[in-house]
Amino acid sequence: QYRQLADFKHRQKFFEEISAAADEVTYLPEKLDAVRSVQNWEILRLGACDTFRLMDHKSVTLQLALLADSVVQCYLTLIAQEMQIDVSDFAVIAFGKLGGEELNYSSDIDLMFIASREAERFWGLGQRLIKALIESTGHGFLYRVDMRLRPWGRSGPLVTNVDAYIDYLKKSGQIWEKQALLKARCIAGNQTVGEKLLNQIAPIIFHVSPDEVRSNVIEMKARIEAKLEKTGRQWGDVKSGHGSIRDVEFVTQGLQLIYGASQPLVRSTTTLDGLVRLADMGLIQADEYRRLSTGYVFLRTIEHAMQLMHNKPMHRLPQDRRELSYLARRLDFPGPEELVSHYEQHCREIRAIFDKYMVEAEEPQGTPETSPHQEIRAHLGTAAVSYEEYFSDEKIDEHIRLLSELDEQNVVRVQAIPIDESRWELTVVGFDQMGDLSVIAGLLFVFGYDIEFGNVFTGSDVAAASSKLSATDIGRYRKFVNVFVVRSPLDVVPPAVWTRYESDLSELLRLMHGGHRHEAQGQLAKRVAGALRGSPTSTGPLLPVEISVENLINPESTVLQIQAEDTPGFLYELTNALSLSDTSIVRMQIHSSSHRVLDTLHVVDGHGRKIEDTQRLRELRVAIVLIKHFTHLLPSSPNPESALLHFRELLEQLFTQTHWINQLAQLQQPEVLQALAKLLGVSDFLWDDFLKLQHSNLFPIVTDLDALQHPQTRASLSNELNTELATAATHKERRAVLNAFKDREMLRADLRHILGLQSKFGMFSQELTDIAEVIVDAALRQCQDELQAVHGRPLSYGGNPSPFAVCALGKFGGRELGFASDIELMFVYENDGQTSGRQPITTLEFYQHLVECFRKSIHAKRKGIFEVDLRLRPYGKAGSLAIALEAFQKYFSLDGPAWPYERQALVKLRPVGGDAEFGQRVTQLRDQLIYTGQPFDVNAMRAMREKQIQQLVKAGTFNAKLSSGGLADCEYLVQGLQITYGYDQPSLRTPNTREALKALEAHGVISTEDRIRLRDAYRFLRQVIDALRMVRGDARVLTVPPIDSEEFEFLARRLGYREQLQKLLSDIEHHTTQVIELSKLLDTLPS
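In terms of my numbering, the sequence shown opens at residue 5 and continues consecutively.
Take a look at the structure:
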């Protein structure tokens, strides 16, 4: 029934139905009323399709326009017959929404009447046509007619000759009139007359300078907004306000006027089609097309909803909260706040693009920021006792001068004096803080400097900084004086380099003094990793580090002597290891010679005391070596900042273990550290909610790299799980074993995926699917055994067994599970009846209890991650947890209550548990229900996609799954083709998208080229979604971060783009454009 309601009618079909209604009565007034009745019914039909999402926005507005075309043509025919006038020289031209075939429910229709000759003969006809269209009778009202776009507006003749119009346009036509003509279309009368006019005016329309176009557009928009502001309606007007429908139309038409002469392909009467053409020609960016088209459809949808509610032109959001709440519910938003938030975000996005292309605002010329040099003297402090032995009085005076410049704002001062062409003496003074030396050394490495010699001193007469720096206690903070001899790789070092170094160093140290030490270390780790990526030794072998510990030399500190091969970034790696091990350096001598380093460090613990505990010294020795090596491997990590901090937490956990020495010995394998660098830098989520909680699982897996090279087969998984379950004595213990096995094996598959051990695209999905099938099967068997022990076997009323099947849907059904996928299932059983046990219950109750038991058996660590989802069952959350086969058939049949998207979801149905033979029967029934030979309901699908975009995609962003050109479009295209052609070709009835693509190609439904384009886009989008879920840990948040964000950098590295951020953005635009283009294949389906 809904299919009949949602029939898409062409112009001729409308005209035939309207004319047939008029032919049933005799007199002209009756005929006109008959047309009004048909038009009112069609408006009601289309409003229902709009409300219930049986048609997308574009189809609804096109249907409204074609209906109006037919009404005008019918009225013209009837009135001309009544007046006995030949209309072969007469034509009706439509502008605006009607001309663009994007009419509203309550739009005015902008018309112009023209004649090839003797225009005055048709004045009476035109008057009667207008009167008939605007007249309201007991049979309803048609349209408000606006004739002001004719030459000279209200003062001009009602009908104009073609030649006179051309002359008018050449001599007196205004730019706004030329802009209006972009949407001109002949809708009634002699099409030849109308088309002739439109062809002749094209060269005139596009003969205008870009500056004039922009000036005109800006002036018109400003005038419209000034009028709104004057009447207090500047906010909430979806048609004409700031960032409104008009903004989208004006920027589209403005660019069409500017480029229409040189690039005729951009010419189009329809706004959405015009945007597509502008994007295709590269005149707007792909993401701008998405933002404009999505915003335009969203605003038009609001406009439609208000007009349907009030049956009159409405363009402003309700000011009354109750009305606004009603509108929000009408548009499926939770409340008015969410609706307004979406509205305002779309307006901002639209207006930004409008300003970019029309206003041409010059970017302000920035002025370099300079920090005022403060001369306020602060506490001078003193250096260590041995400090004076190393420096002359002149140097000491210079250091004191630098120390005197320290204050709350200037936490560090830097002075660089050239020694020769390539070496500098670098002095750095500042407030002492745990980890400051690693920041100084690391930043020097980032800037390309190598430390040859150095002395580090920390004042001993004042307390160390252990809390946030404040002006009131400025004198209490211990200070450091570090002097290095550094070598530059450049022949000439610009003085500005040291200014930038001091600025960057100051920013990092301020973070540390503000209590954000880990954040500062993380930021630096990321920059060091970037510098290490360019180093030839960053991928080389890890060289040994010799550490000797002496606690007798100095009564106040522990002395470490470090010997090792000198490598790029060595001092940073070493000092960073000490910092992350909560060890402070109070004095240090740095010496490097012949590619060897010999450094002597005086260190204390976090409380300023010597380190004398034997266990703590063992931990420190191991931690220094491991963190130093791990730091060296940071270039291989997607997020060095997270990797470094997570590695430290991992070590802290391991130090609490009984046999930590043995475990850490395994960590010293370079391959293991390399793997951890990749794993721990994937995302904070992966660490906080998965790896950290599963360190007992993580260690055996990641340290056994040989075993990690090979996937587990489904058979081996099943055997291993059955063996472990056999050791559990109770139901509770078996559930614990089941979930521990699930978590461990999912972690194993995830690690293989992160480490790149799955050579082909589909291997990760297959491994996760195998795990899911084994878990589902085991959980079902456990629950069945529990229930049958009490209630017996489920039977039909005839006493025969009533088998059941668990059917996978969605990604699970398609064997396409990815990172953080949920498990979509439907439980189907054969017949109703009663169980055979000592406590009999109905068969329906048995299977409902089975589903409830099953859901409780599988624990999801986080929403959306291996979470059992049963919402695709008939009637969703309101329906029974288990469904009888007969009810399944009735619900999903062509005349059943299932929505089109629910029937479409059955494409992915695949039995994964229960009775295998019965599962095949369910699959065969599914084939009969959806592969009927009827074409796919494209309009209903697109209406649903519009709803998804409006509600779930934040304005101005790209959601890799739900945005236009995203994964959903890719999958829906394939499913639409499967449903259309699957009746004749059983091989198309596969739940797997890539298999379906191959079958579609094999049967000639799509070309090889199109299959490859769609396959590549599908694979790319799946990889982006996988990476986003891995980074965020939320299966629902799939918005690609802005290109200027750190998160986008992490995403790029996770996807293998390294620093090529623009390349990733370009690939996103390329593949989504391909999907949008290929989705047009659905427009060619047989009707």
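Ideal placement from N, C-alpha and C gives every residue a C-beta, glycine not left out. Note that the structure is a prediction, hence the values are computed from the model and not measured.
Between which two residues does the alpha helix (DSSP H) containing residue i stretch?
i: serine 741; result: First, the amino acid is wrong: residue 741 is valine here, not serine. Counting along the chain, the alpha helix (DSSP H) containing valine 741 begins and ends at 735-758.
i: isoleucine 404; result: 397-408
i: leucine 848; result: 847-861
i: arginine 325; result: 325-334
i: threonine 235; result: Careful: threonine 235 lies outside any alpha helix (DSSP H) and carries neither H nor E.
Specify, as a first and last residue, the run of the beta strand (DSSP E) that residue i falls within.
i: valine 29; result: Element bounds for valine 29: n/a, residue is neither H nor E.
i: methionine 151; result: No beta strand (DSSP E) contains methionine 151, which DSSP labels as neither H nor E.
i: serine 552; result: 549-554
i: aspartate 609; result: 600-609
i: glutamine 567; result: 562-569
i: aspartate 107; result: Sequence check: residue 107 is leucine here, not aspartate. No beta strand (DSSP E) contains leucine 107, which DSSP labels as neither H nor E.
i: lysine 483; result: 483-491
i: valine 270; result: Valine 270 -> no beta strand (DSSP E), and no H or E assigned at all.
i: methionine 116; result: 112-119
i: isoleucine 191; result: 189-193
i: alanine 732; result: Premise fails: alanine 732 is in no beta strand (DSSP E) and is neither H nor E.
i: phenylalanine 808; result: 808-813
i: threonine 164; result: 163-165
Give me the Cα-Cα distance between residue i and residue j, rounded to the nearest whole angstrom.
i: lysine 1084; j: valine 916; result: 34 Å
i: isoleucine 22; j: alanine 98; result: 20 Å
i: glutamate 106; j: arginine 57; result: 17 Å
i: threonine 1088; j: glycine 258; result: 31 Å
i: methionine 224; j: glutamate 181; result: 12 Å
i: asparagine 835; j: glutamate 890; result: 8 Å
i: aspartate 465; j: tyrosine 453; result: Any reading at aspartate 465 must be qualified, since the residue scores a pLDDT of 35, below 50, and its modelled position is unreliable; no value is offered.
i: serine 825; j: threonine 1076; result: 22 Å
i: valine 957; j: arginine 1033; result: 16 Å
i: leucine 335; j: valine 344; result: 12 Å
i: alanine 809; j: phenylalanine 831; result: 6 Å
i: leucine 9; j: cysteine 811; result: 32 Å
i: valine 794; j: cysteine 787; result: 11 Å
i: leucine 721; j: valine 778; result: 7 Å
i: phenylalanine 816; j: isoleucine 827; result: 6 Å
i: isoleucine 113; j: glutamine 131; result: 15 Å
i: leucine 430; j: glutamine 1078; result: 55 Å
i: phenylalanine 940; j: valine 978; result: 11 Å
i: threonine 255; j: alanine 356; result: Reading the sequence as shown, one finds valine at residue 255 and not threonine. If you take the alpha carbons of valine 255 and alanine 356, they lie about 11 Å apart.
i: asparagine 558; j: serine 426; result: 36 Å
Residue i by DSSP, collapsed to three states: which one?
i: methionine 438; result: coil
i: phenylalanine 896; result: helix
i: asparagine 414; result: coil
i: glutamate 456; result: strand
i: valine 588; result: The identity of residue 588 in the sequence shown is serine, whereas the question assumes valine. Here serine 588 sits in strand by DSSP.
i: leucine 913; result: coil
i: glutamate 724; result: helix
i: phenylalanine 4; result: This structure cannot settle anything about residue 4, because the visible part of the chain is limited to 5 through 1091.
i: arginine 320; result: strand
i: tyrosine 833; result: strand
i: asparagine 1104; result: With the chain running from 5 to 1091 in the structure shown, residue 1104 is simply not present.
i: asparagine 595; result: The sequence given here places histidine at residue 595; asparagine does not occur at that position. Correct three-state label for histidine 595: strand.
Round the Cβ separation of residue i and residue j to the nearest angstrom and send it over; I've been treating them as touching at under 8 Å.
i: glutamine 238; j: glycine 247; result: That belief does not hold up - the Cβ atoms of glutamine 238 and glycine 247 are roughly 11 Å apart, past 8 Å.
i: tyrosine 905; j: cysteine 974; result: With 8 Å as the limit, tyrosine 905 and cysteine 974 do not qualify as a contact, their Cβ atoms being about 16 Å apart.
i: isoleucine 953; j: threonine 298; result: 6 Å
i: leucine 854; j: leucine 813; result: With 8 Å as the limit, leucine 854 and leucine 813 do not qualify as a contact, their Cβ atoms being about 18 Å apart.
i: histidine 308; j: asparagine 580; result: Rounded, the Cβ-Cβ distance is 60 Å, inconsistent with contact.
i: phenylalanine 129; j: isoleucine 89; result: In the sequence on display, residue 129 carries leucine and not phenylalanine. Indeed, because the Cβ distance is near 5 Å, the residues count as touching under 8 Å.
i: glycine 193; j: valine 91; result: 5 Å
*Specify whether the segment 56-72 and the segment 946-954 touch according to this definition: at least 3 beta carbon pairs, one from each stretch, less than 8 Å apart.*
yes
*Would you check if the segment 1001-1017 and the segment 1053-1066 touch, i.e. whether three or more CB-CB distances between them fall below 8 Å?*
no
*asked:* Three Cβ pairs or more, each shorter than 8 Å: is that satisfied between the segment 961-971 and the segment 15-31?
replied: no
*At least 3 beta-carbon pairs within less than 8 Å: the segment 604-616 vs the segment 547-566*: yes
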